[in-house]
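Going by the UniProt record's numbering, the first residue of the sequence shown is number 1, and it counts up by one from there.
Backbone N, C-alpha and C fix where the C-beta goes; we use that ideal spot for every residue, glycine too.
One structure below.
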Amino acid sequence: MKRHNAGELPLSSPAGDGKRLLANEEEAEDKMDKYDKGRVRCSRLCFLFAVAATVSILARHCYDAGLGRGDSAGVVRIEAVPHGLPPPVHRERKIVPIARGGEPSESRHSTSSPVDAGDDADTSSKPSASRSDESANGGKTSSKQSSPSGAHAHTKQLGSHPFARALASAADKDDLCGGQYIYVHELPARFNKDMVQNCDKLSPWTDMCRYTTNGGFGPLLRGGKGAFQGNGAGWYDTDEHALDIVFHERIKRYECLTDDPSLAAAVFVPFYAGLDVARHLWGNNVSARDEMALDLASLLAKSPEWRAMGGRDHFFVAGRTTWDFRRKDDAHAEWGSRLLNLPAAKNMTALVVEASPWHLNDVAIPYPTSFHPASDEDLFFWQDRVRALNRSYLFSFAGVPRPGDDKSIEGHLVDQCKASDSCSLMECSTTGPDNKCESPASVMKLFQSSTFCLLPRGATDTRRHAFDAMLAGCIPVFFHPGSAYVQYVWHLLKTHTDYSVYIPEDDVRTKNESVEEKLRKIPPETVGAMRDAVVGLIPSVTYGDATSRLETTVKDAFDIAVAAVINKVTKLRRGIVEGRAEEEKMERYSWKYPLLAEGQKAEDHHEWDPLFN
């Protein structure tokens, strides 16, 4: 059957009525004229609606791309050359709004290397990578706008300091990233990407290639015999020394990256210091241990970004303990590289998993655990789960006696645990796949089964198990303040009794006091409050999976560390602008400064002084 348009349909009339037919035809023509005119008016109206909708969509697109936010989304040239410095190269800056969303479409959940996995990441919807990382930025996109008059005036008030525009941006209410920009320093691939591509050479004993997958998270964990939530989503076999990669992958997706160093609140240096030194720690070639560190120092010193503040606004991650980077001389027998003793590194902030209590240029951030939640819902679900667990044991311990170490109390704790029906013990006496202490599922099951977890010093003051315990909702029991209280000052509560138990080592080693008796004396209501505090700390000690979460409201370990670095640099810059003398701190008291109350001095007596002399 043929289909007709409305204008083609004939006007019907009663059969055999010729006179009325003519009249009807004239009437029909008149109706058709009116119909056609109405249709034209309707078509024009629809066209206007379509144009309006198109303009609205384009305007919204321009706003999202940063074209409608004035200086906060435009290209701003450096207008003043700092005294004594060469004119900086003009670079376009890339603006990324604070709100999460539009993350690169490439998932980290693959078996390829993390850097390679991000090579083709789509940044068209959210340009979140800096010029220094081509793997996270397939192309350069920027918009050009002039500076808002308010921000420009504020910049003039701050003088000709090379960081004046960075401070001024914090006062710009139209700039969602004002005061939070991070500039990523451009480094040759040998300082980071090449190490991952040559992962088989990162360790003489461990196959690090499996741990460099999924952005440093390692392979996904399945099963876990009930130790993990649901289907195990968010759980990975993460190596405790993979933080170099994990942090860099998060930096690539940081919401406020910029290609303009004059706007940066801080400068990130993507050097995989931990992976580098691990290749040479057990060799006698000290030149090989120091080669990359010396090359980095030389490269940074030549850059205009470095000369702006002598590197005091720079920071980097070295995912090992500080002692792997503090060799004092060129003796072959001495451990580690000289990285943190180099003059250049002393000006930067080094983020390590264990800091020195006697140096000012490093800060401890949490070891990476196996849990990397992709959303707030995953995190909250896990918190509810561990909060509601029925715990069969009063306390537990995962460790091994160290008979050759007179300072160690692990042997005493093993003996006490074996003698008590209220303790669950996991002896870490073997290496390789049979070592349950290296199994995330086994460790989590142990810590989830007990109310308290014993965490003495091991080979060094800190251990990853401290964060595994908190992740399991287990109240940590520390025996030395260097294991947590003077370390993770950005991430843990200042009042350590709110979330942990402290038993001095001498009480166990010399006095042979019972740990069980001390723990049983803690009132149940206090235990409940402490567990709530521990569960509340879980977000602060986990590194979330930023590749898949669309919206988050909780700050994780990465967010806290970056915010603290920015705050440190901003405080220093404001002091320079205001002409205030920088606070002089003595390195031997670096452990004590975060603990001081108002009015206290580092020289004042502290109960832990004998432990750090």
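- By the beta-carbon neighbour count (other beta carbons within 10 angstroms, threshold 16), Leu-596 is exposed.
- The DSSP assignment places 410-418 as complete runs of the alpha helix (DSSP H) inside the stretch 408-437, in order along the chain (cut-off: 4 residues).
- Taken in chain order, the unbroken stretches of alpha helix (DSSP H) that lie wholly in the stretch 188-255 and span 4 residues or more are 193-197 and 243-252.
- Restricted to the stretch 530-600, the alpha helix (DSSP H) segments that are unbroken, complete and at least 4 residues in length are 557-577, listed in chain order.
- Comparing C-alpha distances from Ala-563 to each of Arg-289, Leu-389 and Leu-351 shows the shortest one belongs to Leu-351.
- By the Cβ neighbour-count rule, Pro-270 is buried, with 16 or more other Cβ atoms within 10 Å of its own.
- Under the three-state reduction of DSSP output, Ser-450 falls in the strand class.
- In this structure the stretch 328-339 does not touch the stretch 359-369; the number of beta carbon pairs closer than 8 Å is below three.
- For Pro-162, no alpha helix (DSSP H) encloses it, and the DSSP letter there is neither H nor E.
- Of the other Cβ atoms in all chains shown, 16 or more fall within 10 Å of the Cβ of Thr-369; this residue is therefore buried.
- Of the residues assessed, Glu-334 falls on the exposed side of the cut-off, its CB having fewer than 16 other CB atoms within 10 angstroms.
- Of the residues Phe-268, Arg-338, Lys-346 and His-314, the one whose Cα lies closest to the Cα of Val-277 is Arg-338.
- His-465: member of the alpha helix (DSSP H) spanning 465-471, first to last residue.
- If only complete runs of 3 or more residues are kept, the stretch 342-396 shows the beta strand (DSSP E) at 349-354 and 362-364, in order along the chain.
- In this structure the stretch 215-227 does not lie against the stretch 292-310, because fewer than three pairs of beta carbons, one per stretch, are closer than 8 Å.
- Distance from the Cα of Cys-423 is smallest, within the candidate group Ser-450, Glu-438, Gly-283 and Ile-576, for Ser-450.
- Taking the C-beta atoms as reference points, Ala-484 is found nearer than 9 Å to His-496.
- Within its own chain, the residues whose Cβ lies closer than 8 Å to the Cβ of Gly-336, once the five positions on either side in sequence are excluded, are Val-277, Leu-281, Arg-289, Trp-323, Asp-324, Phe-325, Arg-326 and Arg-327, listed in chain order.
- Excluding five sequence positions before and after Lys-585, the CB atoms of its chain that fall closer than 8 Å to its own CB belong to Leu-360, Tyr-593 and Ala-602, given in chain order.
- Across the structure, Pro-366 and Asp-172 are spaced so that their CA atoms are roughly 33 Å apart.
- Bounds of the beta strand (DSSP E) holding Phe-478 are 475-478.
- Within the model, the alpha-carbon separation for Phe-395 versus Lys-302 is close to 54 Å.
- Between Ile-251 and Phe-268 the beta-carbon gap is near 6 Å, inside 8 Å, which marks them as a contact.
- Burial state of Ser-287 is exposed, judged by a 10 Å Cβ sphere holding fewer than 16 other Cβ atoms.
- Distance between Tyr-254 and Tyr-183, taken at the CA atoms: about 10 Å.
- By the Cβ rule, the stretch 299-314 counts as touching the stretch 255-267, because three or more pairs are nearer than 8 Å.
- Straight through space, the alpha carbons of Asn-390 and Leu-257 are spaced by roughly 44 Å.
- Ranking Ala-242, Phe-247, Gln-487 and Phe-381 by CA distance to the CA of Phe-316 puts Phe-247 first.
- DSSP lists Val-352 as the beta-bridge partner residues of Ala-318.
- About 6 Å separates the CB atoms of Gly-544 and His-372; that is less than 8 Å, so the two are in contact.
- Secondary structure note for Phe-268: its beta strand (DSSP E) is the uninterrupted segment 266-268.
- Ala-168 sits in a helix when the DSSP states are folded into three classes.
- By the 16-neighbour rule on beta-carbons within 10 angstroms, Arg-520 is exposed.
- Residues of the same chain with a CB within less than 7 Å of the CB of Gly-319, apart from the 5 flanking positions on each side, are His-241, Ala-242, Leu-243, Asp-244, Gly-274 and Val-353 in chain order.
- Val-443 and Leu-221 have their C-alpha atoms spaced approximately 14 Å apart.
- When secondary structure is reduced to three states using DSSP, Val-489 falls in the coil class, being assigned neither helix nor strand.
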